[in-house]
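Worksheet for the structure shown next.
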Amino acid sequence: KTVHEKWDISDQFAYPDCVRKLAVTINGHTPGPTIRAVQGDTVVVTVKNSLLTENVAIHWHGIRQIGTPWADGTEGVTQCPILPGDTFVYTFVVDRPGTYMYHAHYGMQRSAGLNGMIIVSVPPGAGPDVAEPFAYDGEHDVLLNDWWHKSTYEQAAGLAAVPIVWVGEPQSLLINGRGRFVNCSALGLASCNETHPECSTPVFAVVPGKTYRFRIGSMTSLSALNFEIEGHPMTVVETDGHYVKPFVVKNLNIYSGETYSVLITADQDPNRNYWLASNVVSRKPGTLTGTAVLAYYGGHSSPRDVPPTTPPTGPAWNDTTYRINQSIATVAHPAHVYAPPPSSDRTILLLNSQNRIDGRTKWAINNVSFTLPHTPYLVALKDRLQGTFDPRPPPETYNHTAYDVYGVQPNPNATSSNGLYRLAFGSVVDVVLQNANMLAPNNSETHPWHLHGHDFWVLGYGVGRFDPAVHPATYNLRDPILKNTVAVHPYGWTALRWRADNPGVWAFHCHIEAHFFMGMGIVFEEGIERVGKLPREIMGCGSSNGGHH
Ligand SMILES: O=C1O[C@H]([C@@H](O)CO)C(O)=C1O
Numbered sequence: 011k012t013v014h015e016k017w018d019i020s021d022q023f024a025y026p027d028c029v030r031k032l033a034v035t036i037n038g039h040t041p042g043p044t045i046r047a048v049q050g051d052t053v054v055v056t057v058k059n060s061l062l063t064e065n066v067a068i069h070w071h072g073i074r075q076i077g078t079p080w081a082d083g084t085e086g087v088t089q090c091p092i093l094p095g096d097t098f099v100y101t102f103v104v105d106r107p108g109t110y111m112y113h114a115h116y117g118m119q120r121s122a123g124l125n126g127m128i129i130v131s132v133p134p135g136a137g138p139d140v141a142e143p144f145a146y147d148g149e150h151d152v153l154l155n156d157w158w159h160k161s162t163y164e165q166a167a168g169l170a171a172v173p174i175v176w177v178g179e180p181q182s183l184l185i186n187g188r189g190r191f192v193n194c195s196a197l198g199l200a201s202c203n204e205t206h207p208e209c210s211t212p213v214f215a216v217v218p219g220k221t222y223r224f225r226i227g228s229m230t231s232l233s234a235l236n237f238e239i240e241g242h243p244m245t246v247v248e249t250d251g252h253y254v255k256p257f258v259v260k261n262l263n264i265y266s267g268e269t270y271s272v273l274i275t276a277d278q279d280p281n282r283n284y285w286l287a288s289n290v291v292s293r294k295p296g297t298l299t300g301t302a303v304l305a306y307y308g309g310h311s312s313p314r315d316v317p318p319t320t321p322p323t324g325p326a327w328n329d330t331t332y333r334i335n336q337s338i339a340t341v342a343h344p345a346h347v348y349a350p351p352p353s354s355d356r357t358i359l360l361l362n363s364q365n366r367i368d369g370r371t372k373w374a375i376n377n378v379s380f381t382l383p384h385t386p387y388l389v390a391l392k393d394r395l396q397g398t399f400d401p402r403p404p405p406e407t408y409n410h411t412a413y414d415v416y417g418v419q420p421n422p423n424a425t426s427s428n429g430l431y432r433l434a435f436g437s438v439v440d441v442v443l444q445n446a447n448m449l450a451p452n453n454s455e456t457h458p459w460h461l462h463g464h465d466f467w468v469l470g471y472g473v474g475r476f477d478p479a480v481h482p483a484t485y486n487l488r489d490p491i492l493k494n495t496v497a498v499h500p501y502g503w504t505a506l507r508w509r510a511d512n513p514g515v516w517a518f519h520c521h522i523e524a525h526f527f528m529g530m531g532i533v534f535e536e537g538i539e540r541v542g543k544l545p546r547e548i549m550g551c552g553s554s555n556g557g558h559h
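Next comes the structure, spelled out in structure tokens:
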């Protein structure tokens, strides 16, 4: 079956937190429509760029694009941007059930509102390898976000300024695009409209005694979040399209780019309502709790009743151990274990550090800060265009025996490059992401890394310096979870493995919008010679003339 979507991208005034702000919208809305498909469906999204002066490109986050690497929607990597007035058609197959997302992958446009969910359901009568190993009576979908009042242009200019002008913590946390700016009416803002329907509190209705699947995705630009449904423990059953060995949490940590499915049972007093709460963790919070309401049917409460309690504020923001424990608990469901290859052909160690180039604050990987080329790699490599990117491969490792991950880098100066890593087709690659201290002392953040074109096995997490002679022996090779986005915890390391078996060119980057903008990413190529004929529509920029002369 084919699922058709027709999207018009335009700037609109929106009131996500009751404050008027220009947003990049899909068919007038932010977040955009949820794409609903069944495993095996072909999704065709016709995207018309009706922005006045801004390009666009849309990434299908978690969809591996097997056989369609040109549809990954990553500007500079897999396509030229879609110009204002132009239309681009994305066609791809959703080959696995699960909870996914989509978002702009051009500049900082994702943060301006261009994002949404993709839900791929299990076909009726699916076999045991696909069928969900859990049961539920109803489903609710929750897209979490953070939101600023400064435009993404102002934010981006601040990131590039000397010294950096950092936008700071978000003004609001959104649930399905709705939130509430804490000072809205108190500040007497002319742009504040607290009765605007776009910022009315989302309500999730439940019938007493029933079990619900909540699909939760995070599209935050910056914030690591903790999500809670007051009084309702959550059983984690899916993440990034893979079934999890169930475990119960009161508070779910979720990083930008991740999705989870949890089950809750509506077994509490039905005569009142309960809060859904989203709180910032890992950075010192400066934002009001994002809230929504869990409303019971059939009791004495009405869906509009505000819960009688104050919204939960979540665990201590700096309790890193608590978050690492959730990461470690997330392993494959026993009936859905896909064992990784027992060893790898190549190990790449990647130091994540905050650096400086010409006084600008940057993020670098092994002291190289990533920049996007003007000609998409996919076209440059497939069509053998010369001189479009730095042909020198970026470093495979850093001085891992001496580097003090707890200290401030003695020499923070870095270089920038648009070189990429080329993987032998079919080879098994291990990547270890090593976190470190930032430019300021005693600070290390959480970085959620997202890989395009693949899922990876998450083999292990550790705190402190990764030792290649010691830590691989501690890897979980028995039941590691497959994911497409994973946390690298403060001062910690995360070890990943995957097989380079998807012909194409794939970005791998921190999903914090500002951090990728500041260079925190790399790109992999594999099997370029196996990529089919490129559609001309991805060309037209840089040296890729798309057949126009
Ligand atoms: O990349 C970042 O820059 C700021 C700060 O380090 C400099 O202002 C911050 O909190 C980041 O995550």
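Just add 10 to wherever you are in the sequence shown, counting from 1, and you've got the working numbering.
For glycine and all other residues, C-beta sits at the position ideal for the given N, C-alpha and C.
Short of 7 Å in beta carbon distance, which residues of its chain neighbour Q180, apart from the five on each side in sequence? Order them along the chain. On the sequence shown, residue 180 is found 170 positions in, with the first residue counted as 1. The question names Gln, but residue 180 in the sequence shown is Pro. Closer than 7 Å at Cβ, skipping near neighbours: D156, W157, W158, L232, S233 and T297.
Rounded distance between the beta-carbons of Q22 and T12, thought under 8 Å: By one-based count along the sequence shown, residue 12 stands at place 2. By one-based count along the sequence shown, residue 22 stands at place 12. The Cβ separation is near 29 Å, so there is no contact.
Whole-angstrom C-beta distance between V53 and F102, which should lie under 8 Å: For this step, residue 102 is matched to residue 92 along the sequence shown. For this step, residue 53 is matched to residue 43 along the sequence shown. V53 and F102 do touch by the CB rule: their CB atoms are close to 6 Å apart, below 8 Å.
Is H559 helix, strand or coil by DSSP? Taking the first residue of the sequence shown as position 1, residue 559 is located at position 549. The predicted model places H559 with a pLDDT of 39, which falls under 50 and marks its position as unreliable, so this point remains unresolved.
Looking at C-alpha atoms only, which residue of Y265, W285, G148 and G324 is the closest neighbour of E523? Against the sequence shown, residue 523 aligns to sequence position 513. That would be Y265, whose Cα lies nearest to the Cα of E523.
Residues of its chain near A517, where Cβ-Cβ distance is below 7 Å and the 5 sequence neighbours each way are ignored: One-based indexing of the sequence shown puts residue 517 at position 507. Around A517: T84, V87, H462, G531 and V533.
Beta-carbon proximity of P322 to L153, cut-off 8 Å: For the purposes of this step, residue 322 is taken as the residue at position 312 of the sequence shown. For the purposes of this step, residue 153 is taken as the residue at position 143 of the sequence shown. No; because the gap between Cβ atoms is not below 8 Å, this pair is not in contact.
Work out the CA separation of H14 and I375 for me, nearest whole Å. Counting from 1 along the sequence shown, the entry for residue 375 is found at position 365. Counting from 1 along the sequence shown, the entry for residue 14 is found at position 4. Roughly 39 Å separates the two Cα atoms.
Integer-rounded CB distance, given that I239 should sit under 8 Å from N270: Start at 1 with the first residue of the sequence shown, and residue 270 comes out as number 260. Start at 1 with the first residue of the sequence shown, and residue 239 comes out as number 229. For the sequence presented, residue 270 should be read as Tyr rather than Asn. At roughly 12 Å, the Cβ-Cβ gap does not stay under 8 Å, so Y270 and I239 are not in contact.
Here's the rule I'm using: 16 or more other beta-carbon atoms within 10 Å means buried, otherwise exposed. How should Q419 be labelled? Within the sequence shown, the letter at position 409 stands for residue 419. So Q419 ends up on the buried side.
Helix, strand or coil at L62 according to DSSP, with G and I counted as helix: Here residue 62 corresponds to residue number 52 of the sequence shown, with the count starting at 1. Residue state, collapsed to three classes: coil.
Which residues in the same chain have their Cβ closer than 8 Å to the Cβ of R120, if we skip the five residues on either side of it in sequence? In the sequence shown, counting from the first residue as 1, residue 120 sits at position 110. So the qualifying residues of the chain are H113, A114, M229, S231 and E523.
Between Y176 and ligand 1, is there a pair consisting of the residue's CB and a ligand heavy atom that are separated by less than 7 Å? Within the sequence shown, numbered from 1, the residue matching residue 176 stands at position 166. Residue 176 is actually Trp in this sequence, not Tyr. Result yes, Cβ under 7 Å from ligand 1.
Thinking C-alpha only, which one of V130, G135 and D27 is nearest A47? Within the sequence shown, numbered from 1, the residue matching residue 47 stands at position 37. Selected option, being the one with the closest Cα: V130.
Distance check for T275 and G219, CA to CA, integer angstroms please. Residue mapping note: residue 219 aligns to position 209 of the sequence shown, counting from 1. Residue mapping note: residue 275 aligns to position 265 of the sequence shown, counting from 1. Answer to the nearest angstrom: the Cα atoms are 6 Å apart.
Can you determine whether any heavy atom of ligand 1 sits closer than 7 Å to the C-beta of L124, and answer yes or no? Position 114 of the sequence shown holds residue 124. Not so, every heavy atom of ligand 1 lies at least 7 Å from the Cβ.
Using CA coordinates, which residue listed in R370, N65 and A81 is at the minimum distance from P545? Counting from 1 along the sequence shown, the entry for residue 545 is found at position 535. Here the closest residue by C-alpha is A81.
Between F399 and N362, is the Cβ-Cβ spacing less than 8 Å? The residue given as residue 399 occupies position 389 in the sequence shown. The residue given as residue 362 occupies position 352 in the sequence shown. No, Cβ-Cβ distance for F399 and N362 is not below 8 Å.
Skipping 5 residues on each side, what residues in its chain have a beta carbon closer than 8 Å to that of D355? Counting from one through the sequence shown, the residue named residue 355 turns up at place 345. Counting only Cβ-Cβ distances below 8 Å, and skipping sequence neighbours, we find A434, S437, V438 and V439.
Can you give the Cα-Cα distance for L197 and G369, rounded to whole angstroms? Locating residue 197 in the sequence shown gives position 187, where the first residue counts as 1. Locating residue 369 in the sequence shown gives position 359, where the first residue counts as 1. Cα to Cα, the separation comes out at about 36 Å.
Just to confirm the assignment, what range does the alpha helix (DSSP H) spanning S131 have? Counting from 1 along the sequence shown, the entry for residue 131 is found at position 121. Run containing S131: none in the alpha helix (DSSP H); it sits in the beta strand (DSSP E), N125 to S131.
In this structure, does DSSP put L169 in helix, strand or coil? Within the sequence shown, numbered from 1, the residue matching residue 169 stands at position 159. Looking at L169 - three-state DSSP - the assignment turns out to be helix.
Is the closest heavy atom of ligand 3 to the C-beta of H521 under 7 Å? What this structure holds is ligand 1, not ligand 3.
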